[in-house]
Every structure is written in structure tokens, then in C-alpha cells.
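Taken in order, these protein sequences are the chains called A and B.
Residue numbers in the first sequence follow our numbering, run continuously in steps of one, and reach 408 at the last position.
Residue numbers in the second sequence follow our numbering, run continuously in steps of one, and reach 661 at the last position.
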Amino acid sequence: MAAYGTGNYRASQGRVTAPGFGFTVYAILAIVLMVLDRRGGWLTHARYYLSAAAYPLQLAVSSPGQAWNWTQESLTARETLEAQNAALRQRNRELSVKAMRFEALERENAELRGLRAALPAVADHWMAAEVVDVELNGLRQRLLINRGAHNGVFRGQAVLDSFGLLGQTTRVSPWSSEVILVTDPEHAVPVEIERTGVHTIAVGSGDPDSLALPYLPANADVKPGDLLLTSGLGGVFPQGYPVARIADVRHDTAQPLAQIRAIPLARLSALHEVMLVWFQDQHPAAPTQLKDGASSSGNPALQRQPAPPLDLLPLPALPRLTPAPPVAAPAAASAPGKSAR
Amino acid sequence: MIDRTRDSFGRMLLTVLVALTLSVLPLPLWLAAVRPAFLVITVLYWSITVPRLGGIGLGFFSGLALDVFRGAALGQNALALSAITYVAVREHQKIRLKPLFQQALIILGALIAYEFILFAIDGWAGHPNTSPLRWIHTLTGALIWPVATAVLDRTRGR
């Protein structure tokens, strides 16, 4: 110990152990922790329990906001509640009518695709979770929700709200989990442009109201207003959930790629409740689950599908990325879609 | 130096806990950007005034708590915080004698060093964040130092 102490320090205050030694020990400890954390071995379990220990404080810290919401709700006037109730009833009716039509469409779609029966819905069951903490800065866009491993939440689970895709769970603790939002700069979602079927990747920008599509060529067929759906590639999100709408497309003549910005459909900045989704494993549109934290690439069930007979393909699949003539575009777009199902 | 009976470990832990709460309190975006690193400032205060109580261990474990709460790489804040605590403990007698204004400047330096270590580790871990916003808290932290010392002196019964 004495070897690391500075002389004058020890002379003036003998009771304190030499700081140099302590620092060396703690610095080595910290570095070892970081390296282990990056490898993601047993330290993941340690973090699991540590974040469980941290959860009470996180709950306490978020309680003023929750208490404010609760007071506001309980002080709502009767008329407001009645109006709200009527509006919700109206909405429910509209949605039921739409759902009726949806079932018919689903059957029709199955018939058109030559399937004997319509596939069951890809979502198996849902669970609502409350948002405990929101972190929306330029570096990290995360949520803390009040459901964890005890509720069956797993890492890499899709999280939605009633408007669109929110993100996925990254860290699961016993009673809470951390959700990385689609707008986090470290998050990317494989998406498909609904109008043309073009596949690309939507990357978070760090801004809660925008996603970037950095990998589309300057001549790609993208227009403001186009809807982005999850493409089902990448093995986390199932195919066909709405993610964002294209807001603006800029073509810089000096850049080979277009600069495209999309606005997420999920209301990321005003969240109280989110939905966790479990998908049917056997469903062709379902993502493959992550096993032991290892990421999978694609759904093996999809990859084993034989290629469709050639006469079904009106055009080679390649010209999808170029702005195709309006008549040919939907036909060309349906071709890769068919091979994926 | 003369009367240390009131500088109890419990009191220190309590202030550190309050500072941690302030550090992780959910705030609107613009406020969160200027929020000073309360926990770092509190740890620095205790390392300068009563180094025998917490010392580098206090820095390490506070940093670890921050890592858990922020979801950072485990050990990132711990390393940065124990590094600046080390310097603070080593130089505590010199820093203690300086006027408040100079102390605030030293705190600014320490906070910049702290943020730089975090920045370097971020880069090493493969998600560099070059936004200038991350440096703002070093300034607000230095500005709040006189207030923080006054409040923390109170908790010690000065």
C-alpha cells in the first residue's frame, strides 16, 4: 500500500489510506467490468439483479408525475368523462365495423393467394405495460416499463402502441424492462415501403419525431406520405406492422443516396401505456426468437420456402429499386412478397 | 479537522442518495440537457472536504449506481468517477483552501475530465456520441458548485 502513497499526503494525514492504491484497484475493477459487460456473459445476470434493486428508486422518482396524472384523472368532471365515454363508444363501433370488413378481406386475400385457409393472426397475445420512465435525449431514446421477466417478457420483444411500432425490449429485469425506441440512434428496423414493396432499413435519428432512411439510392421510388411497414427481415419484428410515414425526400446531386426522413406513427413523446406482443412461433410472418442473447438472421421457416414457379413472376425481381412504370410497380412488388410467404 | 463527530457516514450516504435521485429524475428534454451532474458534484464535495469518509470507493460505487440507472456499460461511470475522485482526494488540501470561484473552475475541469472519459469509453464501445449537448452539464455543474457547497455544508452542521 505504501508503495503507491504520495509522501506528503501520508505525512499530513496518516489515517487515510493512500489514494493511489485504491484508485488502481478500482480502475482495474471498472475496466474488467466493462470488458465483461461488453462480452455479455454472467454479468448480464448480475445486471438483471442490480436493475431489480434499482427499480424501487426509479418507481419513486417517477411517482410525482404519476401522482399528478392520477390527481388530474380523479378530478375530471363528470361531463368530461361522459363525453369521453361517448367518444370511445363511437370509436369502438367504428373499429368493430372495420374489423368485420377486415375479416372478409383476409379471406379474400387467402383465396387470391391460393391458400386453403386464411392464416391465423400473427399476434398470439398482448399485454399492456405502463411507462415508468422516459429517456428521450439525442443519445438514448429509451423507456422503462413496469413489466419484466415475471410477466414473461423476453429480450428483443416487439413493443407497439395503438398507432404503430415503438421499439423492442433490450434489458429485462424481474419486474421491469428497458425498451429501445425505433428513434434511438442505435436502433434500426428493416422496413418495406408499402406502396412499392422496396425493402430498406429505417435508422433512429435521436430525435423523437424522425427516422432516417439512409440506404436508398437517389433514384428510389419514394414519395412523401408513403407508409413504412416492418418487412419481417432481421428476426425481431413480424412482417406488416406500420412504423412510420415518409415526411420529406431530398435529392442532393452530390450524394449517391437520397436523404429521406420519416415520422414515426407511434406517439413517442406522449406515452403512458404501451403494448407488449407475443407472436405465434409457427406463423410464417413471425420473427424468430432470440436464443440466449444470440441474434438470429432472418426466419429459417421463411428461408426454407421453395421459390415460386417462374410463370408467376411477371417481371424479374430486380427492377424494384428503380422507379418502375406505375403499372408494373405493384406487380413487381408482389413477386418478392409471394416468395416470402 | 477539529470537530468531525457530525461527519457521519450515514449523512454522506443520504446526500449521495438524494443526489442520485436528482440525477435520474425524469425531466423534459431541454431541462435534462442542462441538468448538472448532481451525483458527481456531491461525490467531489465529500472527497474534498472529508476524504477519509468516502474516498475513491464512494466514487466507484456511485458511478456503478449511475451505470445501472442509466443503462450505460457497467463500469463506465464508475471508472470516470473514481478517476476524478482520486485526483480530488489527492489534492483535497490544496483545493479546500482556494476561494469559491477558483474551486468552481477546478470543478469545471474535473467535470470536463469526467465527461471526456465517458466520451472515450463511448467511442471504444462503438457508439460515439459527438453531440455538443453532452458537454453543457459541465458548465452548469461549475455554476452550481457554490450553491451545492452551501447546501452540503448545512448537512454537515456547519
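C-beta atoms are modelled at their ideal positions from N, C-alpha and C, and glycine is treated no differently.
If you draw a straight line from the alpha carbon of residue i to that of residue j, how long is it in whole angstroms?
i	j	result
A:L124	B:P602	36 angstroms
A:A244	B:A653	In the sequence under discussion, the amino acid at residue 244 of chain A is Ser, which differs from the Ala named in the question. Their backbone Cα atoms lie some 38 angstroms apart in a straight line.
B:W648	B:T658	15 angstroms
A:L96	A:V198	34 angstroms
A:G181	A:P309	25 angstroms
B:L520	B:A535	19 angstroms
A:W135	A:E146	21 angstroms
A:L206	A:P86	34 angstroms
A:L100	A:A171	56 angstroms
A:A311	A:P252	16 angstroms
B:L608	B:I615	11 angstroms
A:D200	A:S129	6 angstroms
A:N286	A:A196	42 angstroms
A:A337	A:L203	11 angstroms
B:Q606	B:G562	19 angstroms
B:S511	B:G660	11 angstroms
A:T297	A:R168	23 angstroms
A:T250	A:Q224	16 angstroms
A:P373	A:L300	Low confidence applies here, because A:P373 scores a pLDDT of 46, under 50, leaving its location unreliable; read the following figure in that light. Their Cα atoms are separated by approximately 17 angstroms.
B:L517	B:W549	12 angstroms
A:L343	B:L577	27 angstroms
Would DSSP call residue i helix, strand or coil?
i	result
A:L280	coil
A:F169	helix
A:D319	coil
A:P275	coil
A:H266	strand
B:Q605	helix
B:L528	coil
A:T143	coil
A:H112	helix
B:A576	coil
A:E253	coil
A:Q133	helix
B:G500	Residue numbering for chain B in the displayed model covers 504 to 661; residue 500 of chain B lies beyond these limits and cannot be assessed.
A:Q151	helix
A:Q125	helix
B:G513	helix
A:L232	strand
A:E261	coil
A:V239	strand
If you measure from the CB of residue i, is any heavy atom of the ligand GDP nearer than 6 angstroms?
i	result
A:V316	With respect to the ligand GDP, the structure offers nothing, as it holds no ligand at all.
Ends of the alpha helix (DSSP H) at residue i?
i	result
B:R593	579 to 593
B:D656	639 to 658
A:P331	Where A:P331 is concerned, there is no enclosing alpha helix (DSSP H), although the beta strand (DSSP E) it sits in stretches over 326 to 331.
A:A195	Taken as a continuous stretch (DSSP letters only), A:A195 belongs to no alpha helix (DSSP H), being part of the beta strand (DSSP E) at 190 to 203.
B:A568	558 to 573
Identify which residue in the options has its Cα closest to the Cα of residue i.
i	options	result
B:A586	A:A329, A:V92, A:S229, A:A325	A:V92
A:G219	A:A113, A:T236, A:E253, A:A314	A:T236
A:R209	A:A216, A:A195, A:V239	A:V239
A:Y115	A:A337, A:V265, A:F221, A:G87	A:F221
A:L126	A:N152, A:A196, A:N213, A:L172	A:N213
A:T263	A:H254, A:G292, A:V249, A:L248	A:G292
A:L211	A:V341, A:H217, A:Q347	A:V341
B:L567	B:V590, B:L556, B:V546	B:V546
A:L283	A:R156, A:D228, A:I327, A:H217	A:I327
A:H339	A:A121, A:W137, A:V102	A:W137
A:A269	A:M194, A:A150, A:G234	A:G234
B:V571	A:A216, A:M167, A:L110	A:L110
B:G629	A:V102, A:K290, A:K165	A:V102
B:G513	B:F541, B:Y548, B:L556, B:E618	B:L556
B:Q579	B:L621, B:L600, B:K597	B:L621
A:L294	A:P305, A:D319, A:V265, A:E261	A:E261
A:V246	B:R573, B:Y548, B:S526, B:A540	B:R573
B:L530	A:A94, A:P131, A:G89	A:P131
A:P305	A:P281, A:Q347, A:D315	A:Q347
Would you list the one or two residues that DSSP bridges to residue i?
i	result
A:Q157	For A:Q157, which the question treats as bridged, DSSP gives no partner whatsoever.
B:P600	Inspection of the sequence shows that residue 600 of chain B is occupied by Leu rather than by Pro. Answer is none; B:L600 lacks a bridge partner.
B:T545	According to DSSP, B:T545 bridges with nothing at all.
B:I615	For B:I615, which the question treats as bridged, DSSP gives no partner whatsoever.
A:L210	A:V201, A:V246
A:T311	For clarity, residue 311 of chain A is Ala in the given sequence; the question names Thr instead. Its beta-bridge partners are A:L295, A:P331.
Taking the beta strand (DSSP E) that residue i belongs to, which residues open and close that run?
i	result
A:W345	340 to 346
A:T91	Taken as a continuous stretch (DSSP letters only), A:T91 belongs to no beta strand (DSSP E), being part of the alpha helix (DSSP H) at 86 to 106.
A:L296	294 to 297
A:S244	244 to 248
B:T633	Element bounds for B:T633: n/a, residue is neither H nor E.
A:A337	Counting along the chain, A:A337 falls outside any beta strand (DSSP E), and DSSP gives it neither H nor E.
A:A225	225 to 227
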